[in-house]
Amino acid sequence: MAIDEKHYRARITKRADFAPDLWMIRIDPGAEFAFAPGQYATLGVEKDARRLERPYSIVSSPYEREIEFFFELVPHGQTTPPLYDLQPGDEVLMRKVPKGRFTLDTSQPARKNHLMLSTVTGVAPFVSYVRTLFADWKKGKFAGDHNLFLLNGASRPWEFGYREELERFSQQAPWFTYVPTVSRPWEDASWKGEVGRVDDLIRKYADHWGCTAATSIAYLCGHPEMIEHGKGILKRLGFEKENFKEEVYWVPAKAAGA
Ligand SMILES: Cc1cc2nc3c(=O)[nH]c(=O)nc-3n(C[C@H](O)[C@H](O)[C@H](O)COP(=O)(O)OP(=O)(O)OC[C@H]3O[C@@H](n4cnc5c(N)ncnc54)[C@H](O)[C@@H]3O)c2cc1C
425 MAIDEKHYRA RITKRADFAP DLWMIRIDPG AEFAFAPGQY ATLGVEKDAR RLERPYSIVS
485 SPYEREIEFF FELVPHGQTT PPLYDLQPGD EVLMRKVPKG RFTLDTSQPA RKNHLMLSTV
545 TGVAPFVSYV RTLFADWKKG KFAGDHNLFL LNGASRPWEF GYREELERFS QQAPWFTYVP
605 TVSRPWEDAS WKGEVGRVDD LIRKYADHWG CTAATSIAYL CGHPEMIEHG KGILKRLGFE
665 KENFKEEVYW VPAKAAGA
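Numbering (our numbering), first residue to last: 425 to 682.
Below, the structure is given as C-alpha cells:
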C-alpha cells in the first residue's frame, strides 16, 4: 500500500536468520519496483515519531516478484535494531525509486572478467547479478561469454548467508566461480574451505583466475577497509579508474569524526 508519493509500505513475507546478527527478509512492495541488479533500495522504519532511512543492496533478481535484503545488525546503530525487530506480516517503508550504479559492466569488449570482492552482507548485489544472469543463461539470453569470479569473505562459516545457493550456481554455470573465505577458521574446525581475509587473498585469486587489468573489471562491496586495501592491491596490479566499481557500506567511525 502506498503511503505517500515517495514511499511504499511494503509487507515482509519471509525472514531467515543466519546468525544472531545476520538475517534476510523478502518483501512485497505491493506495486511496481523496477531496478537493475546491483542497485539498492532505501528502506525506512519509524521509531519514536522519527523516520530513519538507510540504503540496502537488493539481493533478489528483477525477475523475482518480491525484493530480498541481507542485513547485519549494528547494535549501536539507529536503524538496524528496529529493522531487526520486524517479522513476517510487518511493514517496512521503501522509497519507490531504486538507486545506485554498482551494476555489472558488460560494455567494455576487452574486459569480460568480473572480479567481485565482498565482505559478509556485501555479497548482496553479486547474488542479484548471478541470479539474473543464471536465469538469462537458461533462457538463452546470456551466452556465458562473461566470467564472474566471486571472492566472498566472512569471519565465520555461518555468516555467508548465500553460500549454498552460490555453490549450486557455480557447479552448474561454467561462467561463475565462487570462493568463500573465513578469517576466523579456529572458531569452526569443520571448515575446509579457503581461509584469510578477502584483501589478503585478492592477489592470489586475481593471478589464479587470470584477472588482469587488461581483461577485468573489479567490484568491491561492503567493509570500507577491505575496499581501501583491495583498491591499493589492484592498483599495484595495474587496475585503474575504469577497472573499478565500489559500494562502500559505511564510513568508519574515526573517519566520520565520531
Ligand atoms: C549503497 C549502500 C548499500 C548498503 N547495503 C547494505 C546491505 O545490503 N546490508 C546491510 O546490512 N547494510 C548495508 N548498507 C549499510 C546500511 O545502509 C547502514 O549503514 C547499516 O545498516 C547501519 O545502519 P544503522 O542505522 O543501524 O547504523 P548507524 O546509526 O547509521 O551507524 C552507527 C555507526 O556504525 C557504523 N556502521 C554502520 N554499519 C556498520 C557495519 N555493518 N559494521 C560496523 N559498523 C557499522 C557507522 O559508521 C556509524 O559509526 C549499505 C550502505 C550503502 C551506502
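In this text, a Cβ means the ideal position worked out from N, Cα and C, and glycines have one as well.
With hydrogens ignored, establish whether the beta-carbon of residue i is closer than 6 Å to any heavy atom of ligand 1.
i, result
"Tyr643", "no"
"Trp674", "yes"
"Gln502", "yes"
"Ala578", "no"
"Ser481", "yes"
"Arg587", "no"
"Thr545", "yes"
"Glu666", "no"
"Tyr602", "no"
"Val498", "yes"
Got a sec, what are the start and stop residues for the alpha helix (DSSP H) residue i sits in?
i, result
"His653", "Pro648 to Arg660"
"Arg496", "Here residue 496 turns out to be Glu, not Arg, going by the sequence shown. Taken as a continuous stretch (DSSP letters only), Glu496 belongs to no alpha helix (DSSP H), being part of the beta strand (DSSP E) at Ile491 to Glu496."
Kindly indicate which three-state DSSP category residue i falls into: helix, strand or coil?
i, result
"Asp509", "coil"
"Trp561", "helix"
"Pro598", "coil"
"Leu572", "strand"
"Lys523", "strand"
"Arg439", "strand"
"Pro461", "coil"
"Lys471", "strand"
"Thr503", "coil"
"Leu476", "strand"
"Arg433", "strand"
"Glu556", "The question names Glu, but residue 556 in the sequence shown is Thr. In this structure, Thr556 counts as helix in the three-state DSSP scheme."
"Phe593", "helix"
"Thr636", "coil"
"Val606", "strand"
Ends of the beta strand (DSSP E) at residue i?
i, result
"Asp631", "Segment Val622 to Trp633 is the alpha helix (DSSP H) holding Asp631; no beta strand (DSSP E) there."
"Arg450", "Leu446 to Asp452"
"Val483", "Here Val483 belongs to no beta strand (DSSP E), and DSSP marks it neither H nor E."
Quick one: any contact between the stretch 507-514 and the stretch 656-669, if contact means 3 or more CB pairs under 8 Å? no
Decide yes or no for the touch test of the stretch 471-482 against the stretch 435-450: beta carbon pairs closer than 8 Å, at least 3 of them. no
Touching or not, the stretch 535-547 and the stretch 463-471, by the rule of three or more beta carbon pairs under 8 Å? no
Assess contact between the stretch 581-592 and the stretch 523-536, defined as three or more Cβ pairs (one per stretch) separated by less than 8 Å. Is contact present? no
Below 8 Å, how does it come out for the stretch 606-620 and the stretch 647-655: are there three or more Cβ pairs, yes or no? no
How about the stretch 667-678 and the stretch 573-580: do they share at least three Cβ pairs that are nearer than 8 Å? no
Check whether the stretch 565-577 touches the stretch 544-555, counting contact only when three or more Cβ pairs, one atom from each stretch, lie closer than 8 Å. yes
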